[in-house]
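So for the sequence shown, full-length UniProt numbering puts the first residue at 1; every next one is plus one.
Every residue, glycine too, gets a C-beta built ideally from N, C-alpha and C.
Quick caveat: nothing in here was measured; it's all calculated off a predicted structure.
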Amino acid sequence: MPSRTKPTFTAAEVKSHNSASSCYVTIGSNVYDVTEFAQDHPGGRDLILDYAGQGAKEVLQDHASHPHSEAAYEILDDYHVGFVVSPKAADSNDSVQSSHKGVGIQDGGVEPHRRTGVSCEEDLSNVTDIDRDYKKHKFLDLSRPLFPQIWFGRFSKEFYLDQVHCPRHYKEGNSAPLFGNFLEPLSKTPWWTIPILWLPCVVYGTHLASLGIDTSFALTVYWLFGLCIWSLIEYSMHRFLFHIEEYLPDNRIAITLHFLLHGIHHYLPMDKYRLVMPPALFVVLAFPFWKLAHFLIFGSCASSESPSLVQTT
C-alpha cells in the first residue's frame, strides 16, 4: 500500500482532545490518539489522562518516575494519527524518532516502521491486523492456536527472539488462542483469582506450622524467612532462566518452553488474562522446589535425630 501523508493538527486542536472520550498526546511533532489504549494501560487510565492534550515525551523518558521499555514505544506506534504543525516540533522530530523508532515523515509520505510496517492512516487500528502481520512476518497467526504454531514452526532462535519481542495488540487486550482445546481455560487467569485461591492456602499452611512452633515470634520469623526465600527463587528463575536469552538452546523444545513460560508476555503484553501465573502452571513449577525443601528440612531433622534413636534402642 503506498504511503500517504497523515493529517496535521495545530497545538490548539491537540489541546482540545483532553478528556476520557477523546484523548490525544504528543511526542515531539507526533500526535497519538490514545483514547481506547488508556483503558488498557497497565498503570491505569488516570496516568494517561494527566497528559491528555499535552506533550508526553518527558514522562516517557523519565526512568526514575515512570520507566517505559522499547515495547511501550512500539505499541504506541499503533495509535499514531498525525503531526503537530509547529516549526519547533518539526525540528525535534528527528531526535524523537531516534529515541523510540516511531513513524516519521519522509518525502511527503510516511516511512513504514521497521517492525510493525505501519505506513499510512489505513494501516492504523487499535489492534494488530492479524492477516497483514502474518503475511509480512510469517511468524504466528493470532487467529489460530499459538502453541502448535510455535511447536511445529521450526523457527530459528534468532528469528523467534526478534519476533517475540515485537509486541502485538490482540483485540483490545483480550486473549489470543493458545491451545485451542480443553487446556485453554487453564492458561487464562484473572488477577483476582490469585488472592482468592492462594490466601486460604497460606492461612492453612501457617496454621499447620503454628502447631509445631512454640512462640508467635518464631512463627513470624519462619514465615518471613519462607517468603524471602521463595521471592528470591522466583526472581532468580525470572532473571537467570528467562532473560539469559543468549544461552537459550536453538531447538523447538527450548523455544516452545520459553514462549509458554515467558515469551508470550513480551509478544502480547496487553493480554489481561495472562498477566499472572496460572495456578495449574504454578503447581507444576513449584512442586520440585516443594519436594526439595521437604528433603532438605525434614531430611536433616531425621539425620540429626537418628543418633539419639540408636542410643535409646
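Would you call the CB atoms of residue i and residue j closer than 8 Å?
i, j, result
"G28", "K57", "yes"
"P278", "S175", "no"
"D271", "Y170", "yes"
"residue 319", "R168", "In the structure displayed, the chain extends from 1 to 313; residue 319 sits before or after that span and is not available."
"K157", "D250", "yes"
"C166", "E74", "yes"
"I130", "F259", "no"
"residue 316", "S21", "Not covered by the structure: residue 316. The range shown for the chain is 1 to 313."
"I255", "F155", "yes"
Closest to residue i by CA distance: which of the options is it?
i, options, result
"L275", "V14, A20, S16 and D40", "D40"
"residue 344", "K15, F9, L60 and L47", "Absent from the structure is residue 344, since the part of the chain shown begins at 1 and ends at 313."
"L161", "D50, L257 and L47", "L257"
"D77", "V283, N30, D250 and L232", "N30"
"F225", "T206, H137, F155 and F242", "T206"
"L197", "W290, A280, L292 and I48", "A280"
"R252", "P148, R45 and K136", "P148"
"H80", "P288, D46, S16 and V25", "V25"
"A12", "R45, T35, D46 and G55", "G55"
"G180", "I255, H262 and L146", "L146"
"G53", "L211, A286, L199 and S19", "S19"
Given a threshold of 16 other Cβ atoms within 10 Å of its Cβ, counted over all protein chains shown, does residue i qualify as buried or as exposed?
i, result
"H294", "exposed"
"A218", "exposed"
"V283", "exposed"
"V190", "Inspection of the sequence shows that residue 190 is occupied by Pro rather than by Val. So P190 ends up on the exposed side."
"C23", "buried"
"K88", "With a pLDDT of 44 at K88, under the threshold of 50, the modelled position of this residue cannot be trusted, and the question is left open."
"P185", "exposed"
With DSSP collapsed to three states, give me the class of residue i.
i, result
"G180", "coil"
"H169", "coil"
"G205", "helix"
"D33", "strand"
"T10", "coil"
"V118", "Because the pLDDT of V118 is 39, which lies under 50, any placement of that residue in the model is unreliable, and the number read from its coordinates should be weighed accordingly. In the structure shown, V118 sits in coil (DSSP, three-state: anything other than H, G, I, E or B)."
"S19", "strand"
"G55", "strand"
"V284", "helix"
"G263", "helix"
> Does the pairing of the region 137-152 with the region 236-248 give three or more beta-carbon distances under 8 Å?
Replying inline: No, the region 137-152 does not touch the region 236-248.
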